[in-house]
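As structure tokens, the structure follows; a few thoughts come after it.
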Amino acid sequence: AQKITQTQPGMFVQEKEAVTLDCTYDTSDPSYGLFWYKQPSSGEMIFLIYQGSYDQQNATEGRYSLNFQKARKSANLVISASQLGDSAMYFCAMREDLTGANNLFFGTGTRLTVIP
Amino acid sequence: DAMVIQNPRYQVTQFGKPVTLSCSQTLNHNVMYWYQQKSSQAPKLLFHYYDKDFNNEADTPDNFQSRRPNTSFCFLDIRSPGLGDAAMYLCATSRDPGSNQPQHFGDGTRLSIL
Chain A
1 AQKITQTQPG MFVQEKEAVT LDCTYDTSDP SYGLFWYKQP SSGEMIFLIY
51 QGSYDQQNAT EGRYSLNFQK ARKSANLVIS ASQLGDSAMY FCAMREDLTG
101 ANNLFFGTGT RLTVIP
Chain B
1001 DAMVIQNPRY QVTQFGKPVT LSCSQTLNHN VMYWYQQKSS QAPKLLFHYY
1051 DKDFNNEADT PDNFQSRRPN TSFCFLDIRS PGLGDAAMYL CATSRDPGSN
1101 QPQHFGDGTR LSIL
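Those protein sequence lines, which keep their order, are chains A and B. Under this note's numbering, the residues of the first sequence are numbered 1 to 116, in order. Under this note's numbering, the residues of the second sequence are numbered 1001 to 1114, in order.
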């Protein structure tokens, strides 16, 4: 089974609008971390936001917020007030503490295009 | 200021000719990772070092090896590159291997095989 599932290969959003990128995960480990990364066409992988499995509140970092629904095993990324520079590939990733602790499992990514 | 530095950004080598990719970090992190990312795919972990302890993923080909001479540097050696090894190679670091530690990536080295 896939550890991380991103069902949206591509998404479009109008500039200044908000957009939600979906991510679901699969783990039996009670302790894990969820991460979102942005990868522009130039190739670097930029860390955006982190959510721990025991965190009670949703993580926020500037225009990025993570909609963490533990029972549904989802960790959707919300980008508010989209900017042209947000156009990139976005990867959801998970790291487990007890099993595969050193491996960061990535989803297949969602390509976001911001339309002027 | 770049904290994880990969050189070169672009590398071209010939089929079967050994190539080395380098990564350095100024974060003093304990763990360094090498990922392979093929076009339109997710990054795939090849191996990592936790301090001097080397950990190879089970499905990493024998053709790929790594060296970490000190905390700051880590190298990826491809002994006999094949056409299927053309990819982006990403180096990353984390302070520790715990699940709450984000990995910080370099800009990557895009490897082409002629």
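Positions of the beta carbon are idealized from the N, C-alpha and C atoms, including for glycine.
*Look at the alpha carbon of residue 1064/B and the alpha carbon of residue 115/A, and state the distance between them as a whole number of angstroms.*
In the second sequence, the residue the question calls residue 1064/B occupies position 64. In the first sequence, the residue the question calls residue 115/A occupies position 115. Roughly 41 angstroms separates the two Cα atoms.
_Within 8 angstroms of chain B by C-beta, residues of the stretch 86 to 108 of chain A in sequence order_ = 91, 95, 96, 97, 101, 102, 103, 104, 106, 107, 108
*asked:* At the level of alpha carbons, what is the spacing between residue 71/A and residue 65/A?
replied: On the first sequence, residue 71/A is found 71 positions in, with the first residue counted as 1. On the first sequence, residue 65/A is found 65 positions in, with the first residue counted as 1. Rounded to the nearest angstrom, the two C-alpha atoms are 18 angstroms apart.
*Report yes or no: is there a C-beta of chain A within less than 8 angstroms of the C-beta of residue 1103/B?*
As a position in the second sequence, residue 1103/B is number 103, starting the count at 1. Closer than 8 angstroms to some Cβ of chain A, the Cβ of residue 1103/B qualifies, so yes.
*Mind checking which residues open and close the beta strand (DSSP E) that includes residue 1112/B?*
Working through the second sequence from its first residue, we reach residue 1112/B at position 112. Element bounds for residue 1112/B: 1109 to 1113.
*asked:* Is residue 68/A close to chain B? Criterion is C-beta to C-beta, closer than 8 angstroms.
replied: For the purposes of this step, residue 68/A is identified with residue 68 of the first sequence, where counting begins at 1. Judged by the 8 angstroms Cβ criterion, residue 68/A is not in contact with chain B.
_residue 1083/B - DSSP class collapsed to helix/strand/coil_ = In the second sequence, the residue the question calls residue 1083/B occupies position 83. Here residue 1083/B sits in helix by DSSP.
*asked:* Within the continuous beta strand (DSSP E) that includes residue 94/A, where are the two ends?
replied: Within the first sequence, residue 94/A is the residue found at index 94, counting from 1. That run of the beta strand (DSSP E) goes 88 to 96.
*Taking only the alpha-carbon atoms, compute the straight-line gap between residue 43/A and residue 1039/B and give it to the nearest angstrom.*
Residue mapping note: residue 43/A aligns to position 43 of the first sequence, counting from 1. Residue mapping note: residue 1039/B aligns to position 39 of the second sequence, counting from 1. Cα to Cα, residue 43/A sits roughly 11 angstroms from residue 1039/B.
*Have a look at the DSSP bridge pairing and note the partners of residue 11/A.*
Working through the first sequence from its first residue, we reach residue 11/A at position 11. DSSP lists 112/A as partners of residue 11/A.
*Which residues mark the beginning and the end of the beta strand (DSSP E) in which residue 50/A is found?*
Position 50 of the first sequence, counted from the start, is the residue given in the question as residue 50/A. 46 to 52 is the span of the beta strand (DSSP E), which, as asked, contains residue 50/A.
*Test: residue 64/A CB closer than 8 angstroms to a CB of chain B*: For the purposes of this step, residue 64/A is taken as residue 64 along the first sequence, with counting starting at 1. It does not; no Cβ of chain B falls within 8 angstroms.
*asked:* Below 7 angstroms on C-beta distance, what does residue 43/A contact in chain B?
replied: Sequence index remark: in the first sequence, residue 43/A carries index 43 (1-based). Chain B residues near residue 43/A: 1088, 1107, 1108, 1110.
*For residue 33/A, the three-state DSSP class (helix, strand or coil)*: Position 33 of the first sequence holds residue 33/A. It is a strand residue.
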